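> Everything in the sequence shown is counted per full-length UniProt numbering, starting at 1 for the first residue and increasing by one. The C-beta atom is built at its ideal place from N, Cα and C for all residues, glycine as well. Owing to the predicted nature of the structure, the values given are computational and were not obtained by experimental measurement.
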Amino acid sequence: MHETHETYETFMFELNSEEDMEYVVDGTDSSVSSFEYSENEVSEEDGFVHEVHVGVDFKRDFNGLNNRDEGNIDASLNDENETDGVESLHTENESFSESDTDGRGKHRCPKFNDETDMENPQFKVGMNFGDKLKFKEAVRQYGIKNKVDIIFKRTDSVRVHAVCKEGCPWYIWASRVDRKDETNTSQQIKSYVGDHNYLMGFKNKNATYKWMAKIYLEKFKANPQYPITALRQDVLEDHVYKVSLSKCLRVKHLALDMVLGSHKGQYSKIYDYLGKIRSSNPGSTTILKLDNRMFERMYICLQACKEGFKGCRHIISIDGCHLKGNYGGTLLAAAGIDGNDSIYPITFVVVESENESSWTWFLLLLTTDLEIETSHNITFMSNKKKGLVETMVHVLPNAEHRICVTHLYSNFKNNAQFKGKNLKDAQWKTARATYKK
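#1: Can you grab the Cα-Cα spacing for the pair Asp131 / Ala334, in whole Å?
#2: Kindly indicate which three-state DSSP category Asn120 falls into: helix, strand or coil?
#3: Is it buried or exposed, Ser357, if we count other Cβ atoms within 10 angstroms and call 16 or more buried?
#4: Can you confirm whether the stretch 351 to 371 touches the stretch 293 to 303 when touching is taken to mean that 3 or more C-beta pairs between the two stretches lie within less than 8 Å?
#5: Just tell me which of Asn383, Thr155, Arg159, Ser191 has its CA closest to the CA of Ile172.
#6: For Gln225, count the other beta carbons within 10 Å of its own beta carbon; 16 or more makes it buried, fewer makes it exposed. Which is it?
#7: Of the residues Ser268, Gln187, Glu400, which one's Cα is nearest the Cα of Lys134?
#8: Considering only residues of the same chain and omitting the five flanking positions on each side of Thr330, which have a CB-CB separation below 8 Å?
#9: Work out the CA separation of Asp272 and Val389 for me, nearest whole Å.
#10: Using beta-carbon positions only, say whether residue 447 and Ala174 come within less than 8 Å of one another.
#11: Do Asn383 and His401 have their C-beta atoms closer together than 8 Å?
#12: Taking Arg179 as the reference, give the member of His253, Asp156, Arg140 with the closest Cα.
#13: Less than 8 Å separating the beta-carbons of Lys252 and Lys203?
#14: Mark Tyr327 as exposed unless 16 or more other C-beta atoms lie within 10 angstroms of its C-beta, in which case mark it buried.
#15: Determine the contact status of Val259 and Lys219, defining contact as a CB-CB distance below 8 Å.
#16: Which residues in the same chain as Gly387 place their Cβ atom closer than 6 Å to its Cβ, once the five residues preceding and following it in sequence are excluded?
#17: Could you tell me whether the stretch 204 to 214 touches the stretch 139 to 150, where touching means 3 or more Cβ pairs closer than 8 Å?
#18: Taking only the alpha-carbon atoms, compute the straight-line gap between Glu70 and Lys153 and give it to the nearest angstrom.
#19: As a quick exercise: from Ser279, Gly339, Gly325, Asp117, pick the residue whose alpha carbon is nearest that of Ile315.
#20: Quick check on Asn422: does DSSP put it in helix, strand or coil?
#21: Closest to residue 441 by C-alpha separation, out of Arg159, Lys147, Pro227, Lys210, would be which residue?
#22: According to DSSP, is Trp173 part of a helix, a strand, or is it coil?
#23: Please state the DSSP three-state secondary structure of Asp181.
#24: The beta strand (DSSP E) that contains Ala334, what's its start and end?
#25: Please state the DSSP three-state secondary structure of Val160.
#26: For my contact list, Phe380 and Ile287 are in at a C-beta cut-off of 8 Å; report their separation, rounded to the angstrom.
#27: From which residue to which residue does the alpha helix (DSSP H) around Cys248 run?
#28: Taking DSSP as the reference, what is the three-state secondary structure of Asn128?
And the structure:
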């Protein structure tokens with residue numbers, strides 16, 4: 001249990017005019033020309049209070065503040081003309097704006113610094129926030145930091161009211177600094193009770209997956225494969241909160257979207273991506289096919305890869321794999337073998353699936369880019385699956401079409417009758433043979 005006390009003294013403001021203000025402390029008049037808010041100048045030892053409330057007659061009774069139930073608080077908030085007690089920092093007819101923070105006899109209210117104060121927010125009556133969203137973010141962060149469940153009871157365009165769980169006296173109320181000026185979005189704390197009367201818990205509604213993604217974003221930047229089990233353990237050690245693995249998975253997806261960009265955002269930039277390829281690699285082929293303004297296929301072959309293939313062996317391996325993104329699809333690629341017996345990438349495409357139509361579209365573009373006028377001297381190697389055999393006969397009828405030995409072995413080893421090292425060695429020996437016995 002932790003407590004935050006607001007200290008109040010008998011402190012009256014008497015206004016002689018709109019520009020001059022006198023402070024009456026303990027019955028003694030004291031004219032003040034310039035009042036500077038400072039914790040060094042105002043201390044409990046001097047008999048002063050840490051917060052000065054503008055426009056409030058401090059002779060009013062503040063007793064029983066912590067005993068007010070939630071129903072009374074809501075009733076007072078609904079009454080806009082209510083000024084008695086602690087629910088209102090100033091009356092409805094008064095206009096208190098940031099311009100009141102300067103000049104003779106004016107009180108300077110503390111301002112919440114988003115960069116330095118957000119990590120461990122500390123609230124004070126009269127504190128100003130940039131807007132309503134910043135104030136709500138600070139209240140949520142306060143609840144997470146202090147391990148208490150804060151609920152926003154009432155929120156509209158002018159005011160924000162937050163309370164703790166039922167039975168806890170903690171509450172805070174803020175509203176727009178100047179309700180008459182709609183362009184001024186600054187929020188100011190008008191009422192605050194900082195006491196809690198229950199023990200901390202291991203769960204918090206404000207510790208959402210969005211908050212966790214923001215907190216652990218740097219870890220995902222350093223390691224995009226950051227395991228969700230390690231994330232759950234780190235949350236428990238750092239913040240003493242227990243979170244489920246499903247929640248950690250949502251955190252990971254959101255954090256990776258923030259680091260790498262979302263799939264939706266990346267697809268929306270395809271035109272820019274293809275334009276950048278053409279400008280940085282003149283002569284490259286980039287083709288985008290749409291179906292009723294929806295992405296269907298994309299083909300990319302760099303000019304450097306076209307020129308480099310002229311020095312490679314006339315062997316082209318083609319294959320495809322499924323994409324695991326939110327929108328699915330299949331990636332088809334073609335690669336050659338250079339003079340160092342290394343893999344040489346040629347081109348790649350993204351299509352809806354592996355079928356005869358997509359393979360035909362891919363091979364026609366490939367043969368055009370590589371300037372293959374006759375297929376007699378080209379050998380293609382593949383797994384001979386999903387419409388590829390029919391496509392090769394139609395597009396490249398004179399080309400040699402060989403099957404990948406690794407794919408061949410993986411296909412028949414699933415049968416219990418064709419397993420074992422002896423059969424695998426015999427297959428590779430047959431594949432390497434240069435003549436028939």
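Looking at the atomic coordinates:
#1: It is roughly 55 Å from the alpha-carbon of Asp131 to the alpha-carbon of Ala334.
#2: Three-state result, Asn120: coil.
#3: exposed
#4: yes
#5: Considering only alpha carbons, the answer is Ser191.
#6: exposed
#7: Gln187
#8: Listed in chain order, the non-local C-beta contacts of Thr330 below 8 Å within the same chain comprise Gly320, Cys321, His322, Leu323, Val350, Val351, Glu352, Ser353, Glu354, Ser358, local neighbours out to five positions each way being set aside.
#9: 35 Å
#10: No answer is possible for residue 447: the residues shown for the chain start at 1 and end at 437.
#11: no
#12: Asp156
#13: no
#14: Counting every other CB atom within 10 Å of its CB across the protein chains shown gives Tyr327 a total below 16, marking it as exposed.
#15: no
#16: Contacts found: Asn355, Glu356, Trp359.
#17: yes
#18: For Glu70, the predicted model reports a pLDDT of 44, less than 50, meaning its position is unreliable and no value from the coordinates is stated.
#19: Gly339
#20: helix
#21: Here the chain has residues from 1 to 437 only, and residue 441 is not among them.
#22: strand
#23: DSSP places Asp181 in coil when its eight states are reduced to three.
#24: 330 to 337 is the extent of the beta strand (DSSP E) around Ala334.
#25: strand
#26: Not quite, the Cβ-Cβ distance comes to about 21 Å (not below 8 Å), so this is no contact.
#27: 245 to 260
#28: strand
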